[in-house]
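Here the sequence shown stands for residues -18 to -1, 1 to 357, numbered as in mature numbering (1 follows the signal peptide of the UniProt record, and there is no 0).
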Amino acid sequence: MSSLRYAIILASLTLATAAFVPRARHNTVQTTATTTPTFIPRDDGPAPVQCGFEGNADLYGLGIRLGIYFQWLSAQLCRVLHKEYVVELDRTYMIFLAAVFIALLVLTGDADSTYDVEVLVLMYILICGPFNFISGQLGEYRSIALVNVEFFVLWPATVYSSWFWFSGRDARFLQQPVECGGYGFVFKRVSLRGGSTLAFFKAMSVFLAIVLGLFHGLWFYVVPFKRWRKDRENNKPVIDSVMSWWGESKMEGREGGPTDRDDLTQHTFSKLYAAFCLVFPILGIELTLKWNSVRGVYGIRSIGQLIPFVTGLAGLIQAIYGIIRYKILARQAESPPQVTTPPDEAPKEAERESKQPAVSQSPQSESDGKGVTGG
């Protein structure tokens, strides 16, 4: 597992440094350089508008996207079937996520060559992606430090998203011409110039920033660390109840414990939550790139694409192998051990049984026989 972690750290460093590579300013209007004419040119109107732009393959190319999707899928599989391993995935993914956020900050400083839809793609990764790893329960495998890292990465991303949708998008980032539009995914194709769409993104960003901010306030000030360590078993159900709003923990507070119907409801909701966390950001990323005609982000030939792709694929294979091995060991532990007689002792056992004397009659039957004879 350590080698896989080092590979993900290397991929994260590659991703973070990709944002420092200078890019030429994107052009959406197709123009043709001409020499000074010796005649009066005919005015044919404005040049045709070419929609789309050249994307940053080193930041969200196909190999990087597939590597991220593989990590999300690995986390969802392990979250349901092998919860011990999801902690390792969570730690390495948080490193990768921090690299993405650093790259986004660098792009913000060089906003003259960055489009608003590129930031939206990274937002799907930064804000929606971590929910594939958050199981909704501390449990025996989740540490306090790990939850702190998760929310320390999520909260700055939501604050940045609030700034972006309220003022940063119009002030600092490029936008495609009006003729080309500019589209995003919110359960359907929506225009990024529409007032209702912008209001939705603003409201969601502020809501998540407030919720995560309040959670951190409760986490660090209402429940002090020393008292938490002293009364961990007493405080854990309270924190679990706060974190279980996506349906992972059992409804232990009811009298008599959870019923079969409660278990079925929780299990169904957990599956729907897992499917939503996995499918929604993938659709958001892929459809946003397609609808905005982003070019140059559908190949994995470069080293910057191969490292995250191979790392994510290796993590998925390791997760599947770990799940299969875990299930086999669990099945062997549940089955009772079978006591077998060695082949050499089988004839001795049969001979021992044949030498045993016949069972004698009981005293009651002998007395009954004597009584009958005497009569």
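Idealized CB from N, CA, C, for every residue including glycine.
Only a predicted model underlies this, so the values are computations on that prediction, with no experimental measurement involved.
If you draw a 10 Å sphere on the C-beta of residue 314, you find fewer than 16 other C-beta atoms in it, and that means exposed. In this structure residue 247 does not touch residue 154 by the C-beta definition: roughly 46 Å separates them, more than the 8 Å allowed. Residue nearest to residue 106 within the set 79, 95 and 94 is 79 (criterion: CA-CA distance). The beta-carbon separation of residue 189 and residue 139, rounded to 14 Å, does not stay under the 8 Å limit for a contact. In the DSSP annotation of this structure, residue 95 is not part of any beta strand (DSSP E), being labelled neither H nor E. Residues 110 of the same chain have their beta carbon placed closer than 7 Å to that of residue 262, with the five preceding and five following residues left out of the count. Excluding its 5 nearest sequence neighbours in each direction, residue 287 has C-beta neighbours in its own chain below 6 Å: 43 and 45, listed in chain order. Between residue 102 and residue 86, the CB-CB gap reaches or exceeds 7 Å. In the displayed model, residue 174 falls within coil according to three-state DSSP, outside both helix and strand. When DSSP states are grouped into helix, strand and coil, residue 166 belongs to the strand group. Around residue 167, the same chain offers 265, 266, 269 and 270 as residues with beta carbons nearer than 7 Å, after the five sequence neighbours per side are excluded.
Short of 6 Å from the beta carbon of residue 294, and not among the five residues preceding or following it, lie these beta carbons of its own chain, in chain order: 49, 52 and 53.
Between residue 98 and residue 151, the CB-CB gap stays under 7 Å.
The continuous alpha helix (DSSP H) containing residue 289 extends over residues 285 to 316.
The alpha-carbon of residue 191 is positioned some 14 Å away from that of residue 182.
Of 281, 60 and 35, the smallest CA-CA separation from residue 303 is found for 60.
Bounds of any alpha helix (DSSP H) do not take in residue 200, whose DSSP letter is neither H nor E.
Non-local C-beta neighbours of residue 162 in its own chain, meaning closer than 6 Å and more than five positions away in sequence, comprise 33, ordered along the chain. In summary, residue 178 is exposed, with fewer than 16 beta-carbon neighbours lying within 10 Å of its beta-carbon over all protein chains present. In this structure, the CA atom of residue 254 is about 38 Å from the CA atom of residue 160. Bridge partners of residue 277 according to DSSP: 36. With fewer than 16 other Cβ atoms from the protein chains shown falling within 10 Å of its own Cβ, residue 316 counts as exposed. Burial check for residue 289: the Cβ neighbour count within 10 Å reaches 16 or more, so the residue is buried. Under the DSSP definition of a beta bridge, residue 156 partners with 97.
About 36 Å separates the Cβ atoms of residue 252 and residue 39, ruling out a contact at the 8 Å cut-off. The C-alpha of residue 73 lies about 34 Å from the C-alpha of residue 35. Look at residue 161 here: in three-state DSSP terms it is coil, with no helix or strand label. If you compare the alpha carbons of 112, 194, 144 and 282 with that of residue 259, the shortest gap goes to 112. Inclusion of residue 147 and residue 184 in the CB contact set at 7 Å is warranted, their separation being smaller than that value. Taking the Cα of residue 100 as reference, the smallest distance to any Cα among 257, 156 and 144 is reached at 156. Residue nearest to residue 108 within the set 306, 198, 187 and 257 is 187 (criterion: CA-CA distance).
Secondary structure at residue 195: helix, using DSSP grouped into helix, strand and coil. CA-to-CA, the gap between residue 170 and residue 311 works out to about 44 Å.
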